[in-house]
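Residue numbers (our numbering): 14 to 102. Beta carbons: idealized from backbone N, C-alpha and C, even for Gly. Please read all numbers here as calculations on a predicted model, not as lab measurements.
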């Protein structure tokens, strides 16, 4: 896959996540803040940054800038997974 197509694919995935958050916010005001609270969690941000840096370094050396965009997206998804809290109740 060439770099332009790879960057476009990452942009589409990010846009879909933003639209999903916006729709959830319209249905339930305040839900976006709760959904993106992971950005204030030190553990989640650290895990995401380490994953993005490791994947970005390896990817950039072998595949170019398109791989760095995918690495940043993967780092964000790692942060989401690390930030998961057990259900209340």
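Minimum C-alpha distance to residue i - residue among the options
| i | options | result |
| --- | --- | --- |
| residue 88 | 18, 75, 27 | 27 |
Contacts around residue i, its chain only, beta-carbon distance under 6 Å, and the 5 residues preceding and following it disregarded
| i | result |
| --- | --- |
| residue 57 | 51, 92, 95, 96 |
| residue 74 | none |
Three-way DSSP call (helix, strand, coil) for residue i in this model
| i | result |
| --- | --- |
| residue 83 | helix |
| residue 21 | helix |
| residue 33 | helix |
| residue 48 | helix |
| residue 77 | coil |
| residue 43 | coil |
| residue 69 | helix |
| residue 97 | coil |
| residue 102 | For residue 102, the predicted model reports a pLDDT of 48, less than 50, meaning its position is unreliable and no value from the coordinates is stated. |
Own chain partners of residue i with C-beta closer than 7 Å, once the 5 adjacent residues on each side are dropped
| i | result |
| --- | --- |
| residue 84 | 65, 68, 69, 72 |
| residue 60 | 91, 92, 95 |
| residue 76 | none |
Sequence-distant residues of its chain with Cβ nearer than 8 Å to residue i (five each side left out)
| i | result |
| --- | --- |
| residue 48 | 34, 37 |
CB of residue i within 8 Å of CB of residue j, strictly
| i | j | result |
| --- | --- | --- |
| residue 82 | residue 31 | no |
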